[in-house]
Ligand code: UFG
């Protein structure tokens, strides 16, 4: 084995990455980037929060993954599998040697999590425990966790926020699952130093692959700002509610750190390279954000300018549980992962709009809406199966 320059650590050749929640928004973009970086990808999803299509009356395929295959010209090994089904998870995991796991699968709607906390704790936490056990049983201890800046709670004036900022104080169930899993991973690492773990704390991922072929499902009941805005722009929704115009910010609206989904995806490849280079990295957290705070109205106006649309706005009171402002100090990721977010707010709006206009109902459109390659793959499909209401399973982030 080669040695890493300046260290006694051996270079590790990694080939196969296991991705949970691969059919979801972040998972599918990340898989695309992994394939382009030369990795083989094995992925599982259970379609709680991603569209699956029933083939031959029994097996399921994911249109998002099929489209990734179409864009890259590479195959993805896909299994319809719930992380709560540990037996099946063990079987699919053991089919090949896995070098590292990237764990996206989780339920992630803040509002919903307050209504069905059991489901969030069961799916997110038990799913993660099953996954970690299966990894350990297969002697795989390399792990990238899809975390969130929500673990910092309300940062107050401590902005931009660094990884040193204390975590906890999270006010919603979804965020607490991320926080609890981070804490659990720290304990697991402390007990067994074979684990090598990167926690990636995402800020607000938006946008889509520039092809417009893959993107975020715009029809979910608990929509984030950009998908909702785009639905208003195409006329599916009458107006965009602005939650709060009296915050102490530049224009009175909330501030967030919006990051292009492709930048975020590239952050995962950078994290893998770090783990590969440093077999005794231990456990490290990195912020994945741009470092720039943008208000709701700034995002809305940029979106209108880039897309040539005008949105009807409905100015309302603050949304319960919202924080005023959150943006990253991303310098640690730049220093240690060699990664920075490169794409602008304009590109985030342009790419999301391309996806939205080409796919007004996301992957749920009738089969005639689907791209030709995906359509031909679906020729045997009986139905577009929307399992979103079925909360028995775990989704792609
Ligand atoms: N907003 C509106 N109108 C909308 C939707 C959102 O004004 O219809 C505002 C919110 O009040 C907030 C901003 O737009 O100021 C962004 O809201 P999002 O719902 O898009 O995102 P959040 O920042 O609330 O939450 C996101 C993810 C969470 C994650 C969190 C971390 O959805 O999963 O970032 O900060 F935990």
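Numbering (our numbering), first residue to last: 133 to 529.
Cβ coordinates follow ideal geometry from the N, Cα and C atoms, glycine included.
Note that the structure is predicted; figures quoted are calculated from it, not measured.
Exposed unless 16 or more other CB atoms sit within 10 angstroms - verdict on residue i
i, result
"residue 333", "buried"
"residue 85", "Because the chain in this structure spans residues 133 to 529, residue 85 falls outside the shown range and cannot be described."
"residue 488", "buried"
"residue 319", "exposed"
"residue 214", "buried"
"residue 280", "buried"
"residue 150", "buried"
"residue 245", "buried"
"residue 235", "buried"
"residue 348", "buried"
"residue 247", "exposed"
"residue 287", "buried"
"residue 444", "exposed"
"residue 219", "exposed"
"residue 380", "exposed"
"residue 265", "exposed"
"residue 462", "buried"
"residue 96", "Because the chain spans 133 through 529 in this model, residue 96 falls outside it and cannot be assessed."
"residue 397", "buried"
"residue 231", "buried"
"residue 250", "exposed"
"residue 201", "buried"
CB of residue i within 7 Å of CB of residue j, strictly
i, j, result
"residue 294", "residue 284", "no"
"residue 423", "residue 457", "no"
"residue 277", "residue 233", "no"
"residue 434", "residue 382", "no"
"residue 226", "residue 270", "yes"
"residue 282", "residue 310", "yes"
"residue 304", "residue 364", "no"
"residue 389", "residue 459", "yes"
"residue 393", "residue 335", "no"
"residue 186", "residue 192", "yes"
"residue 255", "residue 239", "yes"
"residue 154", "residue 181", "no"
"residue 374", "residue 447", "yes"
"residue 484", "residue 290", "no"
"residue 386", "residue 377", "no"
"residue 329", "residue 420", "no"
DSSP state of residue i mapped onto helix, strand, coil
i, result
"residue 337", "strand"
"residue 303", "coil"
"residue 448", "strand"
"residue 400", "helix"
"residue 390", "strand"
"residue 225", "helix"
"residue 297", "coil"
"residue 320", "helix"
"residue 211", "strand"
"residue 175", "strand"
"residue 343", "coil"
"residue 262", "helix"
"residue 505", "Below a pLDDT of 50, predicted positions are generally treated as unreliable, and residue 505, at 39, falls in that range; no measurement from the model is reported."
"residue 274", "strand"
"residue 328", "strand"
"residue 184", "strand"
"residue 412", "coil"
"residue 242", "helix"
"residue 476", "coil"
"residue 499", "Because the pLDDT at residue 499 is just 46, under 50, the model does not fix this residue reliably, and the point stays unresolved."
N-terminal and C-terminal residue of the alpha helix (DSSP H) that residue i is part of
i, result
"residue 190", "Note, residue 190: premise wrong, no alpha helix (DSSP H); not H, not E."
"residue 382", "Neither: residue 382 is in no alpha helix (DSSP H) and is coded neither H nor E."
"residue 491", "Element bounds for residue 491: n/a, residue is neither H nor E."
"residue 439", "428-439"
"residue 364", "357-366"
"residue 458", "Taken as a continuous stretch (DSSP letters only), residue 458 belongs to no alpha helix (DSSP H), as it is neither H nor E."
"residue 249", "249-252"
"residue 157", "157-168"
Opening and closing residue of the beta strand (DSSP E) in which residue i lies
i, result
"residue 151", "148-152"
"residue 232", "232-235"
"residue 442", "First-last for residue 442: undefined, no H or E at that position."
"residue 420", "415-420"
"residue 291", "From DSSP, residue 291 is part of no beta strand (DSSP E); its letter is neither H nor E."
"residue 374", "372-375"
### Query
Do the segment 205-212 and the segment 171-186 meet, that is, are 3 or more Cβ pairs less than 8 Å apart?
Yes, the segment 205-212 touches the segment 171-186.
### Task
Answer yes if the segment 457-473 comes into contact with the segment 390-405, meaning at least three C-beta pairs across the two stretches below 8 Å, and no otherwise.
Contact between the segment 390-405 and the segment 457-473 is present, because at least three Cβ pairs lie under 8 Å.
### Message
I want to know whether the segment 303-317 touches the segment 359-377 - three or more CB-CB distances under 8 Å.
### Response
As far as the Cβ criterion goes, the segment 303-317 does not touch the segment 359-377, which means the pair count is below three.
### Message
Using 8 Å as the cut-off, can you tell me whether the segment 333-344 makes contact with the segment 477-484, which would need three or more C-beta pairs spanning the two stretches below that distance?
### Response
Contact between the segment 333-344 and the segment 477-484 is present, with at least three C-beta pairs closer than 8 Å.
### Message
Tell me whether the segment 405-419 and the segment 353-366 touch, counting them as touching only if at least three CB pairs, one residue from each stretch, are closer than 8 Å.
### Response
Short answer: they don't touch.
### Message
Check whether the segment 257-276 and the segment 439-457 are in contact - that is, three or more C-beta pairs closer than 8 Å.
### Response
Counting Cβ pairs under 8 Å, fewer than three are found: no touch.
### Task
Taking 8 Å as the threshold, find out whether the segment 152-164 comes into contact with the segment 185-201 through three or more Cβ pairs.
Yes, since at least three Cβ pairs between the segment 152-164 and the segment 185-201 fall closer than 8 Å, the two stretches touch.
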